[in-house]
Amino acid sequence: MSFSLPYKYINAEQLAEIIKSKPTSSLKDFAVVDVRDSDFVGGNIVSAINYPSDTFHATVDELAKKLENVPQVIFHCALSQARGPKAARIYAETRLHAFPNSSTQQEIFVLRDGFSGFQSKYRHDPELIEKFNKYYHD
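Following full-length UniProt numbering, the numbering of the sequence shown begins with 1 at its first residue and continues without gaps.
What follows is the structure, encoded as structure tokens:
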């Protein structure tokens, strides 16, 4: 019996390339879902939508409907070790049950090293990071 994850990993450089190549996406080409809770304060990836992990189960149906036709969905938390991967799995299962015959092929990713890794590389790039406050990250 083999087990495969319903998502793949993406690194910071790959995500930066996606964002910069489609800067006005507004959920047409991709979506970045940040599942950090109170740690969302202090900066985020440009255009990320915040669906906190502590309420994710209650809001995942809404998220699946909102992102039904988005071809790439990228999840992350602070480090993408627990909350991000768990949310990606729950989202994938919810989407599969809600839209079993969806015509949109959707790729689900988890950002390797999470926001912490991403901001350490791109914190000074306003095309990639917004509302950054080093007080929360240094």
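Don't be surprised by glycine CBs; every beta carbon is placed ideally from N, CA and C.
Per the contact definition of three or more C-beta pairs closer than 8 Å, is the stretch 106-122 in contact with the stretch 70-85? Short answer: they touch.
Enumerated in chain order, which unbroken segments of the beta strand (DSSP E) with a length of 3 residues or greater are wholly contained in the stretch 20-48? For the stretch 20-48, the full-length beta strand (DSSP E) segments reaching 3 residues or more read 30-34 along the chain.
Taking Cβ to Cβ, would you say G42 is nearer than 8 Å to N133? With respect to N133, G42 sits close: the two C-beta atoms are nearer than 8 Å.
Excluding the 5 residues preceding and the 5 following L63 in the sequence, name in chain order all residues of the same chain whose CB lies nearer than 6 Å to its CB. Excluding sequence neighbours, L63 sits near Y51.
Can you tell me whether A98 is buried or exposed? The criterion is at least 16 other CB atoms within 10 Å of its CB, across all chains shown. Result: exposed.
Please name the residue, chosen from E13, A48, K8 and E17, that lies closest to G117 on a Cα-to-Cα basis. Of the candidates E13, A48, K8 and E17, the one whose C-alpha sits nearest the C-alpha of G117 is E13.
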